[in-house]
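Asker:
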Amino acid sequence: MTEHTRSRRITIQERCIMMRMWETGPQTVATKKYIACCLQCSLQTVYSIFKHFEVTGKLEASHADNSVRKFDQAEIFALLNIARANRFETRRIIAEKYQALRGISMSLTTVSRLLAKFSLSYYVAKIKPKLTEKHKLERLNFARMNLKQPIEYWRTFLYTDECCSKCNLVSI
1 MTEHTRSRRI TIQERCIMMR MWETGPQTVA TKKYIACCLQ CSLQTVYSIF KHFEVTGKLE
61 ASHADNSVRK FDQAEIFALL NIARANRFET RRIIAEKYQA LRGISMSLTT VSRLLAKFSL
121 SYYVAKIKPK LTEKHKLERL NFARMNLKQP IEYWRTFLYT DECCSKCNLV SI
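For the sequence shown, full-length UniProt numbering gives the first residue as 1, with consecutive numbering after it.
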């Protein structure tokens, strides 16, 4: 792959130059090739920019899905501060702290992408908690169903927070 065809963002100034070159010269395919050569971008990029201009009438690049970005620079800076405060936190913990601090939920993919963009790493927990919320609800429902049982019945059960993953109710 040659140097001029590598992927890069075309700035708004380059887009304006592109339009001026198109308006002043003969409007042919050769002109588009010349524009691509001068701006060191691919011919497909030039075609895409012209098509975008014909459809929208704007030179600004929009997001691929035309969505409004949820996080501005201040929000990203707040996330990075949380990540820098403790380098040994998982991305889930970083996202939870961010939501508690700012009140805005952020997906784990977004956290990963932003941390990678600013060359920060996150850690994966070595030991995952084996007792999930589903297990806790099952225990609560079991206790509600057997509420009338005598004390001797309940002494046969051992409830622990981190037991084997296959069984969450252990009978002695």
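Cβ coordinates follow ideal geometry from the N, Cα and C atoms, glycine included.
#1: In three-state DSSP terms, what is Phe157?
#2: Quick one: measure Cβ to Cβ for Ser121 and Leu115, integer angstroms, because I've assumed they're closer than 8 Å.
#3: Are the CB atoms of Leu59 and Arg87 nearer to each other than 9 Å?
#4: Go through the region 25-57 residue by residue and report every complete run of the alpha helix (DSSP H) that reaches 4 residues or more, in order.
#5: Roughly how many angstroms separate the alpha carbons of Gly103 and Glu133, rounded to a whole number?
#6: Taking the beta carbon of Cys41 as the centre, do at least 16 other beta carbons fall within 10 Å, making it buried, or is it exposed?
#7: Taking the CB atoms as reference points, tell me whether Leu39 and Met18 lie closer together than 9 Å.
#8: Between Leu140 and Lys148, what straight-line distance do the alpha-carbon atoms span, to the nearest angstrom?
#9: Measure the C-alpha to C-alpha separation of Thr45 and Ile76 and round it to an integer number of angstroms.
#10: For the alpha helix (DSSP H) that contains Glu60, what are its first and last residues?
#11: Applying the criterion that 16 or more other CB atoms from any shown protein chain within 10 Å of the CB defines a buried residue, is Leu108 buried or exposed?
#12: Expressed to the nearest angstrom, what Euclidean distance is found between the alpha-carbon atoms of Arg9 and Arg84?
#13: Quick check on Arg15: does DSSP put it in helix, strand or coil?
Answerer: To lay it out plainly:
#1: Indexing the sequence shown from 1 puts residue 157 at position 157. Three-state DSSP puts Phe157 in a strand.
#2: Indexing the sequence shown from 1 puts residue 121 at position 121. Indexing the sequence shown from 1 puts residue 115 at position 115. Yes, Ser121 and Leu115 are in contact; Cβ-Cβ is about 7 Å, under 8 Å.
#3: In the sequence shown, counting from the first residue as 1, residue 59 sits at position 59. In the sequence shown, counting from the first residue as 1, residue 87 sits at position 87. No.
#4: 29-39 and 43-56
#5: Within the sequence shown, residue 103 is the residue found at index 103, counting from 1. Within the sequence shown, residue 133 is the residue found at index 133, counting from 1. Each residue's Cα considered, the two are about 23 Å apart.
#6: Along the sequence shown, one-based indexing puts residue 41 at 41. Counting Cβ neighbours within 10 Å, Cys41 comes out buried, since at least 16 surround it.
#7: Here residue 39 refers to the residue found at position 39 when the sequence shown is read from its first residue. Here residue 18 refers to the residue found at position 18 when the sequence shown is read from its first residue. Result yes, Cβ atoms of Leu39 and Met18 sit closer than 9 Å.
#8: Counted from its first residue, the sequence shown places residue 140 at position 140. Counted from its first residue, the sequence shown places residue 148 at position 148. Approximately 14 Å between the Cα atoms of the pair.
#9: The residue given as residue 45 occupies position 45 in the sequence shown. The residue given as residue 76 occupies position 76 in the sequence shown. Distance between the alpha carbons of Thr45 and Ile76 is about 29 Å.
#10: If you number the sequence shown from 1, residue 60 lands on position 60. That residue, Glu60, is in no alpha helix (DSSP H); it is neither H nor E in DSSP.
#11: Taking the first residue of the sequence shown as position 1, residue 108 is located at position 108. The residue in question, Leu108, is exposed, as its Cβ has fewer than 16 Cβ neighbours within 10 Å.
#12: As a working mapping, residue 9 is identified with position 9 in the sequence shown. As a working mapping, residue 84 is identified with position 84 in the sequence shown. Approximately 29 Å, taken between the alpha carbons.
#13: Translated into the one-based positions of the sequence shown, residue 15 becomes position 15. It is helical.
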